Amino acid sequence: MKFKGKIAVWFRLILLAGNLVMAYELVASNDVSAEIAAALDVRNYVVVDGDRMAIYFGIMKNSMEISEIREIRRTCNPISATAASLDRIEIKGRRQEMICAVRDRDRLIEELLRGNPMIKV
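With this note's numbering, letter number 63 in the sequence shown gets 1083, and the count goes up by one each step, no holes.
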């Protein structure tokens, strides 16, 4: 099952401003290379497939076995590379932690609980 990522307005504004600066540099200076960061807006979702979940964000991918998940909780932790909103959930496993922001958080949690009813919410 695929869950669309949540993108806050402030994140879109930062992307837009960065892209405008890069586009200006690309046009104004012919010896500066510039790249446009569209991948963060296009590739932002969580996939729960069988016994595994994966977070896709831009060029990054992070995955975890659902059986490894011990706890899920809400967080506003601003230190995360895989969430474009401060309305986030933290997923703690035995050996790793992941943070993501999805539009339908409750449905994602239900799907993970279906795969591992021992998860503490």
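All residues carry an ideal CB built from backbone N, CA and C; glycine is no exception.
Values in this document were obtained by computation on a predicted structure and should not be read as measured data.
Where the beta strand (DSSP E) through residue i begins and ends
| i | result |
| --- | --- |
| M1084 | M1080 to E1085 |
| I1092 | I1089 to T1095 |
| K1024 | K1022 to K1024 |
Option in the options with minimal Cα separation from residue i
| i | options | result |
| --- | --- | --- |
| P1137 | I1092, D1107 and S1105 | I1092 |
| E1131 | V1067, E1117 and E1045 | V1067 |
| S1105 | F1077, S1049, I1089 and V1141 | F1077 |
| S1087 | N1039, T1102, K1024 and I1111 | I1111 |
| M1080 | D1071, R1125 and N1064 | N1064 |
| K1140 | R1032, R1094, L1046 and S1100 | R1094 |
| P1098 | R1115, E1085, D1069 and I1119 | I1119 |
| N1082 | A1048, L1035, M1021 and E1117 | E1117 |
Beta-bridge partners of residue i, as assigned by DSSP
| i | result |
| --- | --- |
| Y1044 | None, per the DSSP bridge assignment. |
| C1120 | I1109 |
| V1068 | M1073 |
| I1027 | A1104 |
C-beta contact flag for residue i and residue j at 9 Å
| i | j | result |
| --- | --- | --- |
| R1123 | K1026 | yes |
| I1109 | A1121 | yes |
| D1071 | E1085 | yes |
| F1023 | L1133 | no |
| D1107 | A1043 | no |
Residue span of the alpha helix (DSSP H) that contains residue i, given as start and end
| i | result |
| --- | --- |
| G1135 | R1125 to G1135 |
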